[in-house]
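Under full-length UniProt numbering, residues 1 to 266 are what the sequence shown spells out, in order.
Working notes for the structure below.
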Amino acid sequence: MASYINTNIAALNAQRNLTQSQGALNTSLQRLSSGLRVNSAKDDAAGLAIAERMNAQIKGLNVAVRNANDGISLAQTAEGALGIIGNNLQRMRELAVQGANSTASGDLTSLDSEYKQLAAENTRVIGATKFNGTSLLNAAATLSFQIGANAADTVSVTTTVVAMTGTTLGTTTALASAQITLLDADIATINSTRATFGSTQSRFEAIISNVSNAAENLTAARSRIMDTDYAAETANLTRAQILQQAGTAMLAQANTAPNSVMSLLR
């Protein structure tokens, strides 16, 4: 077997292996200390790109949940106001029925006064019902909500003008009787509009459930790409530590090999 002094192949080989095991040790330590399997693009370029796309989707979905909650709040605001108006209309109908009775002709003035106050309150509520500055009951509009991570993921809510027709009871039983029919129409309008906002609220609740589930699944998928598997990585760390210790010992042995040449020169 040839013996060399200038070139120590065994030492070079041991040094190369030691460098590799040191790199593996550093990688394991970084992963265990950071909790991330992918700390930079060099760790997994394709995985990092996929994870970043997932992260953008997750953040978008989380914002979409907040947007859908805004939709629920809008529907609740409108529905609550309509409930108040509906209660007032029921009381107004009671007054109209009472005023339509011939024996109540002497009370029509006081009945009409209360009736007008309730009608005025309904008008005020209709005008004052707003969500973030947007009128909900006295203006027709189409409101768009972004309920997903992508541009096409939108849902629209339509508002309409809520107009009341039975606003004055009058001072005769005939006029009071006529108001009953008008009030029935107003009550039907309120009930229909209230049902629309109720179904809108239910839809947004379903959207939140679906979007939250999608965000949860994407988060789990991203975790499998990015996060450290501590069971596997501690095994990698132990292996790298053993290889480093063995490599250091073998490099020391290889560095003493050229000394054997001296025995040939004696």
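For each residue, glycine too, the CB sits at the ideal point set by N, CA and C.
Every value quoted in this text rests on a predicted model; they were computed, and no experiment measured them.
- Within the UniProt domain "Flagellin N-terminal" (5-141), the runs of alpha helix (DSSP H) that reach at least 4 residues and sit entirely inside it are, in chain order, 9-34, 45-99, 108-128.
- One alpha carbon belongs to G133, the other to V161, and they sit about 16 Å apart.
- Residue range 154-159 is occupied by the beta strand (DSSP E) that includes V157.
- Within the UniProt domain "Flagellin C-terminal" (181-265), the complete alpha helix (DSSP H) runs of at least 4 residues fall at 230-256, 261-264.
- DSSP, reduced to helix, strand and coil, places L143 within a strand of the structure shown.
- When C-alpha distances from L36 are compared across T248, G60, A232, the shortest belongs to A232.
- Around the beta carbon of N26, fewer than 16 other beta carbons sit within 10 angstroms, so the residue counts as exposed.
- Between L82 and A215, the alpha-carbon positions lie close to 34 Å from each other.
- Ranked by Cα distance from A68, the options A14, S202, R224 are led by S202.
- When the Cα atoms are used, I180 and I126 turn out to be separated by approximately 21 Å.
- The C-alpha of M164 lies about 41 Å from the C-alpha of N150.
- Annotated three-state conformation of A149 is coil, per DSSP.
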